[in-house]
Structures are given as C-alpha cells and as structure tokens.
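S.K.:
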Amino acid sequence: METRPPLDALQQTALDQVLAAHAGQAGALLPILHALQDRLGFVPPAALPPIARALNLSRAEVHGVVSFYHHFRTAPPRGRVLQICRAEACRAMGAEALWAHAQAAVEAQGCDTLEPAYCLGLCAQSPAGMLGERLHARLTPARLDALLAQEQP
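As structure tokens, this is what we get:
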C-alpha cells in the first residue's frame, strides 16, 4: 500500500472548506480539484481519499482524473509557474522551439516550474505563454528571457 504524507493543518483546512463549498453539487470533482489547487498550488495526494469519500467515488476514479489532466499538480511547484502553449496553432508558430528554449532557461535557473498548456486562448497571437497569472502573446525566446528576468519574485 502506498504511503502518503498526511495533510498538514493548512492543507486540511483548505480541503475542508473546498469540500463544504461544493457539498451536494452535481459533478463537483473538477471544481473541487481546481479550487484546491488554486488555494494550495497543487492537489496533495493525501487529499484524494477524502475527496473520493465525499463524492462517493473510488480513489482510483479521483486519481484517474488528477493524473489525466496536465493542469493538476501533485507536488508544490518550484517558484513561478511558466506555461507554454503546446496546442496546434502555437506549434505552427514556433512553440516547439520556444518550449525547448524555456526548458533550458528554467533548468539553468533551477527555481521555476515549466508546464505545458493546451490552449491559452491566444491562438491568433501565438505562440503564447503564461507566467504566473499573466498571459503573454507572440512570445519569442528573447521576449521570454526578458519576461523571466523582469518578473523575478
């Protein structure tokens, strides 16, 4: 049996509040997972069994949803979160080269998290990315470097 670190007090409080806010709501799994990640920055693996119990689902069903969607993290992100769109419109405009550049930049810094996004809604202004909560259109490697240097935490 897999052992998970237990929820700490902050995580347990956040989980209790999120579950209470969505109690009785049909189709609440995704809203609960989004709300929990919004509050904590990730979905702690130890939160999956209580979520499953609250929704009368199996732990496997909840785990399946968390592991299926790229958006959900099961560990806290390092530093800022940089998302680069990997959808078709952005790929057609150079997102693959931008992704490779972003990987090298984040690896060199060692303090941020790089994640794929599958459409940020800026298809006409691709390639697109998101640093923290800010969207950025028509990104180039040089613009990305400037953003990463400018928006240091």
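Residue numbers are given in the working numbering: position 109 of the sequence shown equals residue 402, and the series is strictly consecutive.
All C-beta atoms, glycine included, are put in the ideal place defined by N, C-alpha and C.
Remember, predicted model here, so these are calculated numbers, not experimental data.
1. Check each candidate in 349, 302, 393 and name the one with the smallest Cα separation from residue 339.
2. Between residue 386 and the rest of its own chain, which residues show a CB-CB distance below 6 Å, the 5 nearest in sequence each way excluded?
3. Please work out which residues of its chain come closer than 7 Å, Cβ to Cβ, to residue 374, disregarding the five sequence neighbours upstream and downstream, and give them in chain order.
4. Identify the residues that DSSP records as bridge partners of residue 383: which are they?
5. For residue 374, write down the residues that DSSP places opposite it in a beta bridge.
6. With three or more beta-carbon pairs closer than 8 Å as the criterion, would you say the segment 347-356 touches the segment 382-402?
7. Could you check the C-alpha separation between residue 261 and residue 316 for me, to the nearest Å?
8. Could you tell me which residues DSSP pairs with residue 427 in its beta bridges?
9. On a CA-only basis, which of 352, 372, 415 is nearest residue 400? Give me that one, please.
10. Have a look at residue 414 and residue 300 and give me their C-alpha separation to the nearest angstrom.
M.R.: Quick look at the numbers:
1. When only C-alpha atoms are compared, the closest one is 302.
2. Same-chain partners within the cutoff: 419, 420.
3. 406, 408, 425
4. In DSSP, residue 383 forms no bridge with anything.
5. 406
6. no
7. The shown model of the chain, from 294 to 446, leaves out residue 261, and the question about it has no answer.
8. 424
9. Among 352, 372, 415, the Cα nearest to that of residue 400 belongs to 372.
10. For residue 414 and residue 300, the distance between alpha carbons rounds to 35 Å.
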